[in-house]
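Residue numbers (the UniProt record's numbering), protein chains in the order written: chain A, 1 to 770; chain B, 1 to 770. All C-beta atoms, glycine included, are put in the ideal place defined by N, C-alpha and C. Here the structure is a predicted model, which means the values were calculated and not measured.
There are 2 protein chains.
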Amino acid sequence: MHQDYIKPDNWSIIEEGFDRDRVESSESLFSIGNGAMGQRANFEEKYSGHTFQGSYIGGVYYPDKTKVGWWKNGYPEYFAKVLNAPNWIGIDVEINGESLDLNSVRDVRNFRRELNMKEGWYNRSFSATLQNGLEVSVNVLRFLSMDLDEAGAIKFDIIPVNGNAQITFRPYVDAGVQNMDANWEEKFWEPISVASDANSAFVTARTFKTHFTATTFMQNAVFVDGNLQQMVPSDIQKSGDKIQFTYTVDVTKGQSASIEKIGGYTSSMNHSDTVTAAAEVVKSANAKGFNGLLSDQKNAWAKIWEMSDITIDGDVKAQQGIRFNIFQLNQTYSGKDSRLNIGPKGFTGEKYGGSTYWDTEAYCIPFYMATKDQQVARNLLTYRYNQLDKAIENAAKLGFNNGAALYPMVTMNGEECHNEWEITFEEIHRNGAIAFAIFNYVRYTGDYSYVPEKGLEVLIGIARFWHQRATWSTARNQYVILGVTGPNEYENNVNNNFYTNYLAKWCIDYCVEQLEKVKDEFASDHNRILSKVNLDEVEIAKWKQVADKMYFPFSEEHNVYLQQDGFLDKELIKVHDLDKSQRPINQKWSWDRILRSPYIKQADTLQGFYFFEDHFSTEELERHFDFYEPFTVHESSLSPCVHSIQAAVLGKMDMAYTFYLRTSRLDLDDYNKEVKEGCHITSMAGTWMSIVEGFGGMRVKDGQLHFTPRIPGEWDGYSFKINFRGQILKVSVAKNQTSFALESGDNSEQITVFMNGNAVTVEPDGVVVI
Amino acid sequence: MHQDYIKPDNWSIIEEGFDRDRVESSESLFSIGNGAMGQRANFEEKYSGHTFQGSYIGGVYYPDKTKVGWWKNGYPEYFAKVLNAPNWIGIDVEINGESLDLNSVRDVRNFRRELNMKEGWYNRSFSATLQNGLEVSVNVLRFLSMDLDEAGAIKFDIIPVNGNAQITFRPYVDAGVQNMDANWEEKFWEPISVASDANSAFVTARTFKTHFTATTFMQNAVFVDGNLQQMVPSDIQKSGDKIQFTYTVDVTKGQSASIEKIGGYTSSMNHSDTVTAAAEVVKSANAKGFNGLLSDQKNAWAKIWEMSDITIDGDVKAQQGIRFNIFQLNQTYSGKDSRLNIGPKGFTGEKYGGSTYWDTEAYCIPFYMATKDQQVARNLLTYRYNQLDKAIENAAKLGFNNGAALYPMVTMNGEECHNEWEITFEEIHRNGAIAFAIFNYVRYTGDYSYVPEKGLEVLIGIARFWHQRATWSTARNQYVILGVTGPNEYENNVNNNFYTNYLAKWCIDYCVEQLEKVKDEFASDHNRILSKVNLDEVEIAKWKQVADKMYFPFSEEHNVYLQQDGFLDKELIKVHDLDKSQRPINQKWSWDRILRSPYIKQADTLQGFYFFEDHFSTEELERHFDFYEPFTVHESSLSPCVHSIQAAVLGKMDMAYTFYLRTSRLDLDDYNKEVKEGCHITSMAGTWMSIVEGFGGMRVKDGQLHFTPRIPGEWDGYSFKINFRGQILKVSVAKNQTSFALESGDNSEQITVFMNGNAVTVEPDGVVVI
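In structure tokens, the structure reads:
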């Protein structure tokens, strides 16, 4: 059974009641972030129960020495991990000499957490009876500023309910933190300096090996009954990597004692002198004050929702689910900085090292393209462009040459980090997703300039890789691609994975097309690039041979492309006929059994049909869907969205809705019993796609928007907005009508879209109801 | 270039001259053992240069916690490793107050090591000039007693050449040792007690987790000019895990100072009170004295050589090579104890953990069958019989049931230890080798009693495994075996590896045959076994279906069985056409490149033709040899012997000789540049097979010996002896004649053998020359 303690609410994630066993799960679910940093919902005060502490700074990572049982040539030396960063939220609290600790107080009542997604803050409140008999009422509000993105703020209020109290706040900054996931239990941070100035403190530490410097700071203000106390710490405890202030106030029964703590990080990614920079941030935050920062926060989130909200009528759990997904995506990546990317767990945990996967290109880019300015998606593409040299180095390590590029499976700085041969060396389809994202970006935004400026070089490196990676089969008289792992990681080292072969051919064809187009339309770029990468017609002709003579496994009997050679040799027992006690197979079966089974972890052949929908007829899609869906176990969070979209296309709305539900509340309801490790951030973009591309049927064809709206029987209506080439279109779908509304803005032109193939023209500020 | 510092000699391994860079290699090559224990040729005195310390006690192991990058369901918790055991050989030496250390003396001359294989001892001698100007001449003789197999002996002589000297011997026993290869750098030994009595000392330690107790002991006697000094230690240093005695004598120029040290281990494998047992061993050794022990040693080795020697005339390097192999096999496994087995590195290093691999059944059993009493091979079979329950547990962990047995890839106590999914879960052909060894044992020895007593249960467990592991392919209308790794580990997770499928079918067929035979001839055993394992005719009929409808990949075009499905899709570039800079591919290529290449690490399809030679015609063998040999890189030490035997069968004597040379001096000439890690013990049995089965052409058919002698052009002659069912036959092959000599013994019957198909009868003590 999955969990169901989160209260249904349209705009907030709410937990009521204190349960020690839920603390770590809630620490994930109530995580907050602002694109530049993020943190799990750890308590500010001491907590002696089970907790998973986590604060993260975007882009600051540590190369953790690889741990393997048996080394294979080509393995990377390290796995780059986003670090657990120094703790700035900590505030130890003593009340009448007793430490406030929810694990050891006599009693906790009215415990409540709320993550207000509309306004971007997290609040925690409770009443507790201490061992000394005193009852206190506590409220803590916290947020990470979207505007001043190096700062966060906490307001911690305590009211003694049944007596007077001496309350001691001991706010601290601590760089003596470690990762839960450290291969060799090494320390990742080296302390540099600890300094303080009146109510501020600055702890500077440097990561070993990568030498990122970060100053973690705090600025404290203490209040009694809302009145600022003009006080400095009565005591300051300093060690090499920690500083802690002491403030003591006396309050009478019913009076509040409060501390406002501003904190955050300035790092060497953005500053040469991080201490001075931190003092500047403190100054800016002080100028706004807590309330000013909070007010800005609400405005910032209002703007985000204005553009990216999806409404669902008549299904509060579905509404809460989709907003949670959109909220998390916005917390994780703001698109401001092309050095950053989207880790599978965002800022909510350590798993997957916070590194970049092909998830970004395959699942996240559509979301950011449609809900942000196109510069955001362009930054994500540029991230890969900037890592092209590293991708060429990665390929060289595996024996490829002449500028062939293999983008890494997992990376922070462009170097491959993963160390399972069947993934690192063989899950090479990722390379195709990088190329597809360029195509997808141009198709959606119409911004072709990216191709001559940056994209074409990436496409050339990728085409070169596929040309070299394919080998000639004399027996087949065709090119084959041997020894790969497709998106379905429940098959390893297979030959001729359809998805991989198809993508490889497409990458070459697309690159050759763009070479022609750039030659015709951007001649000077063409010359610059060809001379830079030393490419000539002879080489291009060789690529074309591979693309033209690529082999695709096909079953005449079933009239479908086969996931890989030999797929039909398997015992083709459908998931439906598998005993439930055997599920999930990744927990119940040994790896060899999984591999020889027909079960599909996530869309593989169907992922190809998703990317290249317009290459196939609906009949072909249906045949492949009907063939593969019954063998798909969806044991990856990235799987159901593709199936949901395709089920919608095929009019199988019940299936589409089931798949949708499975993704949208995956974390809130903890279907996989692992949310305490963090949330599935990248798959959240797939949930968005399920609605917009699945139910809404949004596609871009020949530079124009097409929709085929459908609505699940369980809903009264839904709406979403998209930014299409600078125009903001709101699409609202009800049981019996669809309406299109065009927001006016900088762009005062009308827009023509297609609904079920029929043109619909919408004027600025106009609404068309159909 | 390979090394060539070992002096050619018919009976000894000799090194001359001191070279710091060779110390670790020589420590491997000059290793000594007696089946129960063994040790690398570490210096007794202090050595501050690079050295790899190693002493091992057969069967005493530690379960080292598994280290992997990414856990897969079914991985074992630990890897069992033979431990580096406490050091008893250590004798620190001080001469006129200066420590004797070959790394820091002023000068070393006349350094010489000799491993006398004929007599079973190791001698080291040198002259050194100390920093204080004194010249000394040193001679150290050491051996591990084959008779008193818990004891070894050292005689350490020093003569000051150019002055008088005060010489201090500090013999010690030290249990504070660690493994070079320890996954988590844990300590493996827990000290228990340290005791001494006059000139004896006893250090008792226990392994963590496995709780083997071992007492390591020493007994010392000091001599001046050969005269025993009635003295006890002038000082005794004790710590928790070490004890060291001090003896000081004064000698004049030209006089010798000597210490005789008896030492060794008594372990809880054989004794409940290891300290008392150690005192008994000391007593027994004292009774013999150093010279008595040495004299016994020479006799023991004379007996071994009497039975197992191979002579080669006209090629001293080949002679030295084959004797080194036979010597090492006898040092490693004496066959006395069915709890022991043959680790790939024997007692010469830590690699492969000293654990048991399928090498034993596939390569070692023929050697021990032919050169020892049949009880030795029976003990090796019994080792697996005793681990049948664990093999059933191993299979259950992978989802098999009903008593299906999967023998481990690597083991000490029957539990699987290895942790690479492509090996642990998929290199399942090992199971077939266990069954084949039973067949091979019965074929050679004629001792069928093993089958009803023990073997049949093993065969049933294995047949059950194959029945469950094969799956039905509707597409082929045959049974297939998906997702395996064959003997050629340069292919992983392939479908329908010919060798595996063939062996699987054979295992079932053979088991069913033996069930019939035991039913007919050993009815009570039959009833006992069927009821014990709960087997009935219905189940057997299901096995038969699998065997009868097994699929074998075959190429009509090439008229050969294919190594696996899809082999012909590869780029079939022959090894000969591969640039030399690319070799060895396991050092030059990343794993994916190796996997998609056609290159074969060790005989795979050809291994099947070796096991089942009589199932195929010579033409078929030749076709397969000619097809696969050109793709074989022989990057396993177990590969060339099979190719050598088959080349000999096919009359390709140049190839046969080349392959032979490559195996027989693999370690002496350090072809793989890794001998410092230890010697390749199990492949040494393959070298023996190359001569006896390859050049000699020995086969057993219908209970009789057949020979097809051939002689490499480089040799004048060779001879080998075999024990065939209690009769000792010597086969001598010269350029133009072959002679058979039958030794008389307990058995006074004549023997009829076949040479090139013609019967030859030899009388006891008779010789037949052909």
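* To do: For the beta strand (DSSP E) containing P191(B), list its first residue and its last residue.
  => That run of the beta strand (DSSP E) goes W189 to D197.
* Would a C-beta distance cut-off of 8 angstroms place N419(A) and T761(A) closer than the cut-off? -> In this structure, T761(A) does not lie closer than 8 angstroms to N419(A) by Cβ.
* To do: Apply the 10 Å Cβ neighbour rule to N10(A) and answer buried if 16 or more other Cβ atoms are within range, or exposed otherwise.
  => N10(A) should be labelled exposed.
* Asked: Should G335(B) be flagged as near chain A, meaning a C-beta pair shorter than 8 angstroms?
  -> For G335(B), the answer is no, since every Cβ of chain A falls outside 8 angstroms of its Cβ.
* **For N73(B), the three-state DSSP class (helix, strand or coil)** => Residue state for N73(B) is assigned as coil, using DSSP reduced to three classes.
* Asked: For the beta strand (DSSP E) that L141(B) lies in, which residues bound it at each end?
  -> From DSSP, the beta strand (DSSP E) with L141(B) extends over E135 to L144.
* Asked: Is F188(A) near T207(A), with beta carbons less than 8 angstroms apart?
  -> Against a cut-off of 8 angstroms, the Cβ pair of T207(A) and F188(A) comes out as a contact.
* To do: Quick one: which residues of the region 474 to 489 of chain A get their C-beta closer than 8 angstroms to a C-beta of chain C? List them in chain order.
  => In the structure shown, chain C cannot be found, because the protein chains are A and B.
* At 7 angstroms on the CB atoms, spell out the chain B contacts of Q593(A), in chain order. => Strictly speaking, residue 593(A) in this sequence is Arg, with Gln absent from that position. Residues of chain B with a Cβ closer than 7 angstroms to the Cβ of R593(A) are, in chain order, L398 and G399.
* Return the Cβ separation of H576(B) and A603(B) in integer angstroms, given the expectation that the two are a contact with Cβ distance under 8 angstroms. => Not confirmed; about 18 angstroms, so no contact.
* Apart from the five residues on each side of it in sequence, which residues of its chain come closer than 7 angstroms, Cβ to Cβ, to M231(B)? -> Apart from sequence neighbours up to five positions away, the residues of its chain that approach M231(B) with a beta-carbon distance below 7 angstroms are V222 and Y247, ordered along the chain.
* To do: Compute every distance between the C-beta of W71(A) and the non-hydrogen atoms of the ligand GDP, then say whether any falls below 7 angstroms.
  => As presented, the structure is devoid of all ligands, the ligand GDP included, so that no description of it is given.
* Determine the burial state of T485(A): buried for a count of at least 16 other Cβ atoms within 10 Å of its Cβ, exposed for fewer. => Around the CB of T485(A), 16 or more other CB atoms lie within 10 Å, so the residue is classed as buried.
* Asked: Which runs of the alpha helix (DSSP H), 4 residues or longer, sit entirely within the region 357 to 386 of chain B?
  -> Counting whole runs of 4 or more residues, the region 357 to 386 of chain B contains the alpha helix (DSSP H) stretches 365 to 371 and 374 to 386.
* To do: Express the C-alpha separation of I310(A) and E491(A) in angstroms, rounding to a whole number.
  => So the two alpha carbons sit approximately 36 angstroms from each other.
* From which residue to which residue does the alpha helix (DSSP H) around W591(A) run? -> Here the alpha helix (DSSP H) through W591(A) covers W591 to R596.
* Exposed or buried, what is M684(B) when buried is set at 16 or more other beta-carbons lying within 10 Å of its beta-carbon? -> Classification of M684(B): buried, given that the 10 Å Cβ count is 16 or more.
* Within chain B, partners of N493(A) - CB distance below 7 angstroms -> Counting only Cβ-Cβ distances below 7 angstroms, N493(A) has contacts in chain B at N492, N493 and L595, in chain order.
* Asked: Which residues of chain B have a Cβ atom closer than 8 angstroms to the Cβ of K72(A), listed in chain order?
  -> Per Cβ cutoff of 8 angstroms: S590 and W591.
* **R469(A) to N431(B) span [Cα, whole Å]** => Going from the Cα of R469(A) to the Cα of N431(B) covers about 35 angstroms.
* **Limits of the beta strand (DSSP E) - the one that L329(B) falls within** => Segment V316 to T332 is the alpha helix (DSSP H) holding L329(B); no beta strand (DSSP E) there.
* To do: Using a Cβ-Cβ cut-off of less than 9 angstroms, give me the residues of the region 232 to 250 of chain A that come near chain B, in sequence order.
  => If the cut-off is 9 angstroms between Cβ atoms, the region 232 to 250 of chain A has nothing near chain B.
* To do: Say whether chain A places a C-beta atom closer than 8 angstroms to the C-beta of N179(B).
  => For N179(B), the answer is no, since every Cβ of chain A falls outside 8 angstroms of its Cβ.
* Asked: DSSP on F202(A), reduced to helix/strand/coil?
  -> Strand at F202(A).
* **Contacting residues, own chain, Cβ-Cβ under 6 angstroms from I14(A) (five flanking each side not counted)** => Shown here for I14(A): same chain residues with a beta carbon closer than 6 angstroms to its own, the five before and five after excluded, namely K7 and E114 in chain order.
* Proximal residues to N493(A) (C-beta, below 8 angstroms), its chain only, five neighbours per side dropped -> Correct list, in chain order: E422, E426, G483, V484 and T485.
* Could you spell out the range, first to last residue, of the beta strand (DSSP E) harbouring A128(B)? => First-last of the beta strand (DSSP E) with A128(B): W121 to T129.
* Asked: If we ignore side chains and look at the alpha-carbon of each, how far apart do S639(B) and K601(B) end up?
  -> Spanning the two alpha carbons is a distance of roughly 7 angstroms.
* Skipping 5 residues on each side, what residues in its chain have a beta carbon closer than 6 angstroms to that of V194(A)? -> Non-local beta-carbon contacts of V194(A) in its own chain, meaning distances under 6 angstroms to residues more than five positions away in sequence, involve V203, K238 and I243 in chain order.
* Using a beta-carbon distance below 8 angstroms, is D107(B) in contact with chain A? -> With 8 angstroms as the cut-off, D107(B) does not count as an interface residue toward chain A.
* With DSSP run on the structure shown, which of helix, strand or coil describes E743(A)? -> E743(A): strand per DSSP, three-state reduction.
* Just the C-alpha distance for M1(B) and L661(B), rounded to the nearest angstrom, thanks. => Residue placement at M1(B) is poorly supported in this model, since its pLDDT is 49, which falls under 50; the coordinates still yield a value, given next. Inter-residue distance for M1(B) and L661(B) is about 15 angstroms (C-alpha atoms, whole angstroms).
* Just how far apart, CA to CA, sit F217(A) and W71(B)? -> Roughly 39 angstroms between the two C-alpha positions.
* Tell me, to the nearest whole angstrom, how far the beta carbon of L130(A) is from that of R106(A); I am working on the premise that it is less than 8 angstroms. => Between L130(A) and R106(A) the beta-carbon gap is near 6 angstroms, inside 8 angstroms, which marks them as a contact.
* To do: With DSSP as the reference, label M1(B) as helix, strand or coil.
  => With a pLDDT of 49 at M1(B), under the threshold of 50, the modelled position of that residue is not reliable, and the figure given next carries that caveat. In this structure, M1(B) counts as coil in the three-state DSSP scheme.
* In terms of DSSP beta bridges, what is Q39(B) paired with? -> Partner(s): I32(B) and S55(B).
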